[in-house]
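Letter by letter, the sequence shown follows residues 68 to 838 of the working numbering.
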Amino acid sequence: MKSFEVLAPVGNMDMLYAAIAGGADAVYLAGTDFGARAYADNFSLDELSDVIKICHLYNVKAYITVNTLIKENEIQDVLEYINNLYNIDVDAIIIQDLGLAKLVVELFPDLEIHASTQISANSVHAVNYLSEIGFSRVVLARELSLDQIKEIAENSKIELEVFAHGSLCVSYSGKCLMSSMIGGRSGNRGRCAQPCRKKYDLTDPTGKIILKDKLLISPMDLGLLNQVKNLSDLDVTSVKIEGRLKKPEYVYSTALYYSMIKNDKNADENLVKEVSNRGFTKGPVLGSFGKKYVDFNDEAERGNLVGKISKTNKLGISLIDDVFERDTLEIKLESKKYSITVDKNYKRGEFLSLESFQDAIIDSPVYRISSSRLREMDFKKMLKDKSIKVSMKLRAYVGEHAELELYSKGKMVIVKSENIIEEGKSRKVDYDYAFGQISKLGETFFDLKNLEVETDGISFLSNGDLNALRRNGIMKIRDEICNWHRRSTKIDYSKSKTKVKRHSKKLEIVISIRKLNDEIINNKYVNKIYLRDLNGLENFELKGKKIYYELPPMANEKLLHDLAREIELKLSFLSGVVVNNAWEMKLTGRFPSLDIVYGIGTNVFNTETIENFSHKDEFKSVYILSPELSIEEISDITRNTNKRIGVMAYGRIDEMILYHCPASVLGCNKVCEDCKYSSDHIIKYGSDKYIFERVNNITRLRNALPISGLEHMRRFKEIGIDEVLLVLDKPNEMTKVIDIFSNAIINEKLTDKMVQMLGTTKAGHFKRGVK
Numbered sequence: 068m069k070s071f072e073v074l075a076p077v078g079n080m081d082m083l084y085a086a087i088a089g090g091a092d093a094v095y096l097a098g099t100d101f102g103a104r105a106y107a108d109n110f111s112l113d114e115l116s117d118v119i120k121i122c123h124l125y126n127v128k129a130y131i132t133v134n135t136l137i138k139e140n141e142i143q144d145v146l147e148y149i150n151n152l153y154n155i156d157v158d159a160i161i162i163q164d165l166g167l168a169k170l171v172v173e174l175f176p177d178l179e180i181h182a183s184t185q186i187s188a189n190s191v192h193a194v195n196y197l198s199e200i201g202f203s204r205v206v207l208a209r210e211l212s213l214d215q216i217k218e219i220a221e222n223s224k225i226e227l228e229v230f231a232h233g234s235l236c237v238s239y240s241g242k243c244l245m246s247s248m249i250g251g252r253s254g255n256r257g258r259c260a261q262p263c264r265k266k267y268d269l270t271d272p273t274g275k276i277i278l279k280d281k282l283l284i285s286p287m288d289l290g291l292l293n294q295v296k297n298l299s300d301l302d303v304t305s306v307k308i309e310g311r312l313k314k315p316e317y318v319y320s321t322a323l324y325y326s327m328i329k330n331d332k333n334a335d336e337n338l339v340k341e342v343s344n345r346g347f348t349k350g351p352v353l354g355s356f357g358k359k360y361v362d363f364n365d366e367a368e369r370g371n372l373v374g375k376i377s378k379t380n381k382l383g384i385s386l387i388d389d390v391f392e393r394d395t396l397e398i399k400l401e402s403k404k405y406s407i408t409v410d411k412n413y414k415r416g417e418f419l420s421l422e423s424f425q426d427a428i429i430d431s432p433v434y435r436i437s438s439s440r441l442r443e444m445d446f447k448k449m450l451k452d453k454s455i456k457v458s459m460k461l462r463a464y465v466g467e468h469a470e471l472e473l474y475s476k477g478k479m480v481i482v483k484s485e486n487i488i489e490e491g492k493s494r495k496v497d498y499d500y501a502f503g504q505i506s507k508l509g510e511t512f513f514d515l516k517n518l519e520v521e522t523d524g525i526s527f528l529s530n531g532d533l534n535a536l537r538r539n540g541i542m543k544i545r546d547e548i549c550n551w552h553r554r555s556t557k558i559d560y561s562k563s564k565t566k567v568k569r570h571s572k573k574l575e576i577v578i579s580i581r582k583l584n585d586e587i588i589n590n591k592y593v594n595k596i597y598l599r600d601l602n603g604l605e606n607f608e609l610k611g612k613k614i615y616y617e618l619p620p621m622a623n624e625k626l627l628h629d630l631a632r633e634i635e636l637k638l639s640f641l642s643g644v645v646v647n648n649a650w651e652m653k654l655t656g657r658f659p660s661l662d663i664v665y666g667i668g669t670n671v672f673n674t675e676t677i678e679n680f681s682h683k684d685e686f687k688s689v690y691i692l693s694p695e696l697s698i699e700e701i702s703d704i705t706r707n708t709n710k711r712i713g714v715m716a717y718g719r720i721d722e723m724i725l726y727h728c729p730a731s732v733l734g735c736n737k738v739c740e741d742c743k744y745s746s747d748h749i750i751k752y753g754s755d756k757y758i759f760e761r762v763n764n765i766t767r768l769r770n771a772l773p774i775s776g777l778e779h780m781r782r783f784k785e786i787g788i789d790e791v792l793l794v795l796d797k798p799n800e801m802t803k804v805i806d807i808f809s810n811a812i813i814n815e816k817l818t819d820k821m822v823q824m825l826g827t828t829k830a831g832h833f834k835r836g837v838k
């Protein structure tokens, strides 16, 4: 088995100590801003500096997440933040925003950047594109199979990082808008409210309930466990453990387990079982799907088996393992699972009474889901028990500054006393006196290996002098050991805020539909059409309409090749292509006659991303901005670019793109074309309804209500928007919606009748944006 990096999550200092004590080779964490886990404790800049020093002291790398999408007015701040990270010796930063990546490569060329899983790199095309634009490592999408990872590894030269353990997002990362659309808490900004963890009803298109109150889109925890060896054999550089919101004992147990696997030691799966939240799935990596992916009945086993419910003279637990005071056990009652806290230590074979739980299910297993011994471990003390050895030599002569030389890990430093040494009258410095002060290394993670004292026999040094020498010396040797990259710079980034002259004040209506029809061909207001299905295109007289092929979301390598062949066959009918991932433009590069539209999936949040994508004639490419931006944030962008800008003004937006299918829990043979649940079925939570369809082994989950920016048409025109996109998926609404929006643009006014005709809609983020 080839070696690999064990990469552990850190959300606070205790988790850091736990990760290093557990044997992690690297950790990932965030500052207080710009990280994709805003609800972790996270770290101030001074704290990050200390974290990096502690990591380097123990030969552990530190990667800082800067993996949110960056708004136009945040670019200066995020670059200053990265400048500070650069100067405190961070080993790499993890980035989602491709505009930010462009700037970091330009301004900090020797700083490693890792492509966040939020980019959802899922193909050879994706990984090689990210390598070309400056990334040194790619965190692969969690939806890839072992064979797909192998294909990428064999056809790329960049470092690859793969998730092996922890909680799973059900949506492709960076492609989830559900939390954002519900309450403004954006997963792309680190504030996901996890609506996927709720229980939903599954209904048919008429609303008839098929399943009620089930965990339909809540994956179990990923646990590759011993199968992680399969990844190392593929030259995967790093094996990642999810969990910056977890507990220190989770970090310790998982880091220890995978470190033991890496070092070919026998690793006990019980190490990680009782720190799991939901039971384990092998995930897409090993082909888990349906019931093996989500625990829809909330029945998955978690924790370590310690006994079973039994009843002889009284009800209780027959123990097959020792349990300890303050352990948490999970028992099954008739109506639910229930957690109890153990009141004292019990030995294997003893009986733990449950007289208060007469509805406990006889013969049902009992699991320990939290260990008091593990919770109460002192991980910082464990690190101190592995303290770094340091040797010191003290030189003290009257009339000179005292000197303390320190040697550790191949480094040497010298510090001097502030004052000139005077002759001692009653006390003189000797070995015992010096040792008494210099050996007090306390919380420093250093341990005194040996001390030499060289003195003239008459010199005097106070306790304060010796303490200052020790403090300054330890700080200096620590900094010498920990400063791996020897970097310091101050960048000057001042993006011009001079208002750009927009090339047009004309709003053009663009529509997105599945298949072409005569109604659209004959509509006088529509000149530009995005098509998701090209079948039958050759049967229409286009009458001057411009047709753009809208590529499906998250196409894998095989599908990308199939799409290229399809484009080639229909090339004479096409004016352009709509891409939803940046690397897809490489695919279309073989068709230079086609314009490129950067769709919603490309997550355009700022002008730097636009500049990163820019090519060809600036008046041909179009950039559809993220639907998470407010009008004022959109205006910030249009002020700083003369590229063609579009916004989605109407439609049922894809709130999730999934590997998983919500109906697969009913039993699935993975032949989606023959499945009656593959389109128009609904999952429902309260009043929120989501329609899903499955095409190309990908599920698109859309809100049943369309978003609408009808009331903002005048403002869109004022700020220089070029195109308003109407996503139309109901044949009976197409002409009506197009007419309403066209009249709003032409007449520059909005009437109550127009709003009523449009029907019930959602407001989207045009007013509030996201945090």
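Built from N, CA and C at the ideal position, the CB exists for glycine as well.
Three-state secondary structure assigned by DSSP to G290: Three-state result, G290: strand.
Under a three-way DSSP split, which group does V352 fall into? Residue state, collapsed to three classes: helix.
Which ranges would you report for the alpha helix (DSSP H) in the stretch 715-793 if only whole runs of at least 4 residues count? Counting only runs of 4 or more, we get 780-785.
Let me check understanding here. Comparing Cα to Cα, which of K453, K451, Y665 and A469 lies closest to M459? Nearest option by C-alpha distance: A469.
Give a yes or no on contact between the stretch 246-261 and the stretch 734-747, applying the rule of three or more CB pairs nearer than 8 Å. Flag = no, the stretch 246-261 and the stretch 734-747 do not touch.
Taking the C-alpha atoms as reference points, what is the distance between V496 and S484? Straight-line Cα distance between these residues: approximately 14 Å.
Could you have a look at C232 and say whether DSSP puts it in helix, strand or coil? At residue 232 the sequence reads His, which differs from the Cys that was named. Strand at H232.
Euclidean distance between Cα positions of T828 and A771: T828 and A771 have their alpha carbons spaced roughly 9 Å apart.
In the DSSP assignment, the alpha helix (DSSP H) including V318 goes from what residue to what residue? V318 -> alpha helix (DSSP H) spans P315 to K329.
If we ignore side chains and look at the alpha-carbon of each, how far apart do L372 and W551 end up? In this model, L372 and W551 are separated by some 45 Å (Cα to Cα).
When DSSP labels each residue in this structure, what does H181 get in the three-state scheme? H181: strand per DSSP, three-state reduction.
E173: first and last residue of the uninterrupted alpha helix (DSSP H) it sits in: First-last of the alpha helix (DSSP H) with E173: L165 to L174.
Classify D156 as helix, strand or coil using the three-state DSSP reduction. D156: coil per DSSP, three-state reduction.
Does the Cβ-Cβ distance between I576 and Y597 come in under 9 Å? Taking the C-beta atoms as reference points, Y597 is found no nearer than 9 Å to I576.
Per DSSP, what kind of secondary structure is M621 in: helix, strand or coil? Note: M621 maps to coil in three-state DSSP.
Please classify R719: is it buried, with 16 or more other beta-carbons within 10 angstroms of its beta-carbon, or exposed? Under this definition R719 is a buried residue.
Does DSSP classify S385 as helix, strand or coil? Three-state DSSP puts S385 in a strand.
Same chain, Cβ closer than 8 Å to E815, neighbours up to 5 away in sequence not counted: So the qualifying residues of the chain are M780, R781 and K784.
Contact defined as beta carbons within less than 8 Å: I believe I758 pairs with I749. What is the distance between those atoms, to the nearest angstrom? Contact flag correct, Cβ pair sits at about 6 Å.
For the alpha helix (DSSP H) holding F680, just list the boundary residues, first then last. Per DSSP, F680 belongs to the alpha helix (DSSP H) from T674 to F680.
In this structure, what does DSSP give as the bridge partners for D532? DSSP output for D532 lists no bridge partner at all.
Return the residue from the list Y130, I284 and E624 that minimises the CA-CA distance to Y752. Of all alpha-carbon atoms in Y130, I284 and E624, the one lying nearest the alpha-carbon of Y752 is that of I284.
Can you grab the Cα-Cα spacing for the pair G98 / Y464, in whole Å? One Cα belongs to G98, the other to Y464, and the distance between them is close to 47 Å.
Burial state of L244, where buried means 16 or more other Cβ atoms lie within 10 Å: Buried.
Inter-residue Cα distance where the pair is L338 and T321: Distance between the alpha carbons of L338 and T321 is about 7 Å.
Using alpha carbons as the reference points, say which of E341, L450 and S438 lies closest to A88. The residue from E341, L450 and S438 with its alpha-carbon nearest to that of A88 is L450.
Do you know offhand how far K456's Cα is from S506's? Roughly 12 Å separates the two Cα atoms.
Ends of the beta strand (DSSP E) at S406? K404 to T408 is the extent of the beta strand (DSSP E) around S406.
Output the residue ranges of the beta strand (DSSP E) runs that lie fully inside the stretch 496-528 and measure 3 residues or longer, sorted by chain position. The stretch 496-528 contains these whole beta strand (DSSP E) runs: 513-522.
Quick check on the burial criterion: 16 or more other C-beta atoms within 10 angstroms. Buried or exposed for D81? With 16 or more neighbouring CB atoms inside 10 Å of its own CB, D81 falls in the buried class.
Beta bridge counterpart(s) of A463 as assigned by DSSP: Paired residue(s): T522.
Short Cβ contact (9 Å threshold) for P76 with R442: It is not a contact, given that the beta carbons lie outside the stated cut-off.
Taking R393 and A367 to be in contact with their CB atoms under 8 Å, please state how far apart those CB atoms are, rounded to whole angstroms. Not a contact, Cβ separation roughly 24 Å.
Pairwise C-alpha distance: I161 and F110: In a straight line, the C-alpha of F110 is about 16 Å away from that of I161.
CA-CA distance, A220 and L213? In a straight line, the C-alpha of A220 is about 10 Å away from that of L213.
Assign L638 to one of two classes, buried (16 or more other C-beta atoms within 10 Å of its C-beta) or exposed (fewer than that). Residue burial is scored here from C-beta neighbours: L638 has fewer than 16 other C-beta atoms within 10 angstroms and is therefore classed as exposed.
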